[in-house]
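Throughout the sequence shown, residue numbering follows our numbering, covering 33 to 454 in sequence. Below is one structure, written out as structure tokens, with a few remarks after it.
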Amino acid sequence: MSKTSGKIRNEAGQYAQFNPGGAGATSLLPPFDYQPRTRLVFGLNSVERIGELARGLGAKVVLVVTDPGIVTAGHSDRVEHILQSCGLGVVVFDEVHENPTTRDVDKCLQVAKSAGIDTLVGLGGGSSMDTAKGCNFLLTNGGRIQDYRGVGKAAKAMLPFIAIPTTAGTGSECQSAALIADEHTHQKMACLDPKAAALVALLDPTLTVSQPPLVTAHTGIDAIAHAVETAVTKKRNHLSLIFSHESFKLTVPGLPRALNNPKDIEARGRMLLGAAFAGTAIENSMLGAAHAAANPLTAHYGIVHGEAVGIMLPHVVRFNSRDGLAKQAYAELASAPEIACVSDGLDSAVEALIGRLESLLNAAQIARSLADRGVKRSMIEVMAREAARQWTASFNPRPVGPEDFERLYAAAFESRGKGDGK
């Protein structure tokens, strides 16, 4: 290695962390490259600004991508009316399904092509936003969704995209990834490209009041899991941790309030903003083993994503906390909403964190055993192999392979979160 400008550079010309003073010395701060791509507009009734914001992006014909539940709630008609009142043409695609597939994207693409749209609006949960992003990939760059699996595969610019979340969970409004499942294998493909990110995210807490209780519960647990996982991944850095910790501070007290009183608009706002911050953390830190383990549960058993992640999360926290740096990161996360104090000891802080997570899972009525959701033990080996191949597994702070996932799944069959997946 050679020393250049006060930094250590290896033979490949890459700057590396080093320990200049031996044991106990401080390493270089982890690098990051932060380019905010999404304008955040937050506030009660901020959805009323959708027309002016779309026009500001040069929109003339807008495709609103949403689902039947959002139509029934009246949100789709409201957005359509606001856009039309600003002189914009509007076409609505309202056939989004949960965990959208390549078929859903193809159907949306047909509508977009026939209408000659120049702007997209994703209105709803993560599925609506993922479908809109997937459509944008194909409309502007051609080919199939499979062509864009991975990072930065789109060669051409994409159309302006505005995200309006009506759930507080995925944080997709602040991410450049489209998660689309293969129609035949049901395996999710992550298509990440900076050009796919929303230019504007409209965060209006009033739109989330109409969520059914289970949707509030499942999406809320997903947002909390995002905060927990992004706080410990290999890619975490001082910027991503700001968003992880602030998200955790907002969502941990916010979710019980939203569950107990669905009309608590302040709690709804905390959850919506917390989910967006967690999405920003994902964009800068990625996710880990809990999400990798959740995807096969959804693919094989149709378990809702938030519930699948929730079942696995405490076991993954115990598994990762055997890594010293991860244990420290979990303890610091627990101190953000004063669940625990780092000075009282890392082990006790991690246990307090797991205890609070389990309390939140119980409040959200999340199943605590895979057996309760009809999962068969005979599928553990198959799911473990699939989980180890998931994109997010590679960012877990502790190396995690098929045998590790087998132990994690086995632990999740035990009684009420007692397994440790060691």
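Where is the CB? At the ideal position from N, CA and C, for every residue including glycine.
- Counting along the chain, residue 166 sits inside the alpha helix (DSSP H) bounded by residues 158-173.
- Look at the segment 223-280 and you find these whole runs of alpha helix (DSSP H), each 4 residues long or longer: 245-262.
- Assignment of residue 211 by DSSP, reduced to helix, strand and coil, places it in the strand class.
- Residue 362 is classed as buried because its beta carbon has at least 16 other beta carbons within 10 Å across all chains shown.
- Annotation: the continuous beta strand (DSSP E) that includes residue 197 extends over 193-197.
- In the DSSP assignment, residue 72 falls outside any alpha helix (DSSP H) and within the unbroken beta strand (DSSP E) covering 71-74.
- For the options 165, 262 and 317, the alpha carbon positioned closest to that of residue 192 is the one of 165.
- Within the same chain, and ignoring the five residues on either side of residue 418 in sequence, the residues whose Cβ sits closer than 8 Å to its Cβ are 219, 327, 328 and 331.
- In the three-state scheme derived from DSSP, where H, G and I count as helix and E and B as strand, residue 151 is classed as strand.
- Annotated three-state conformation of residue 356 is helix, per DSSP.
- When Cβ pairs closer than 8 Å are counted between the two stretches, the segment 307-322 is seen to touch the segment 422-438, the count reaching three or more.
- If the five residues before and after residue 131 are omitted, its C-beta is found closer than 6 Å to the C-beta atoms of 213, all from its own chain and listed in chain order.
- Taking one beta carbon from each stretch, the segment 125-143 and the segment 94-101 have 3 or more pairs nearer than 8 Å; the two touch.
- Every alpha helix (DSSP H) stretch that sits fully inside the segment 88-160 and reaches 4 residues is listed by chain position as 100-105, 107-117 and 134-147.
- When secondary structure is reduced to three states using DSSP, residue 432 falls in the coil class, being assigned neither helix nor strand.
- For the alpha helix (DSSP H) assignment, the uninterrupted runs of no fewer than 4 residues enclosed by the segment 314-371 are, from N- to C-terminal side, 321-333, 337-352 and 356-367.
- In the DSSP secondary-structure assignment, residue 220 is bridged to 213.
- The beta carbons of residue 307 and residue 200 sit closer together than 9 Å.
- Across the set 293, 266, 259 and 292, the C-alpha of 259 shows the shortest separation from the C-alpha of residue 282.
- Beta-bridge annotation (DSSP): residue 182 is paired with 223.
- Counting along the chain, the unbroken alpha helix (DSSP H) around residue 386 starts and ends at 378-395.
- Taking residue 143 as the centre and dropping the five residues before and after it, the same chain places the C-beta of 125 closer than 6 Å to its C-beta, in chain order.
- Taking each of 268, 342 and 122 in turn and checking the Cα distance to residue 316, the smallest one comes out for 268.
- Of the candidates 231, 68, 302 and 337, 337 places its Cα closest to the Cα of residue 157.
- For residue 122 against residue 116, the beta-carbon gap comes to about 6 Å, under 8 Å, which counts as contact.
- Nearest to residue 69 by alpha-carbon distance, out of 182, 186, 229 and 177, is 229.
- Within a 10 Å sphere around the beta-carbon of residue 373 sit fewer than 16 other beta-carbons, which makes this residue exposed.
- Secondary structure at residue 407: coil, using DSSP grouped into helix, strand and coil.
- For residue 63, the closest alpha carbon among the candidates 437, 270 and 441 is that of 270.
- Residue 418: member of the alpha helix (DSSP H) spanning 412-420, first to last residue.
- Looking from the CA of residue 87, the closest CA among 399, 313 and 194 belongs to 194.
- Here residue 398 carries a coil assignment [DSSP, helix/strand/coil].
- Inclusion of residue 232 and residue 71 in the CB contact set at 9 Å is warranted, their separation being smaller than that value.
- Annotated three-state conformation of residue 444 is coil, per DSSP.
- Remark: C-beta atoms of residue 302 and residue 285 approach each other more closely than 9 Å.
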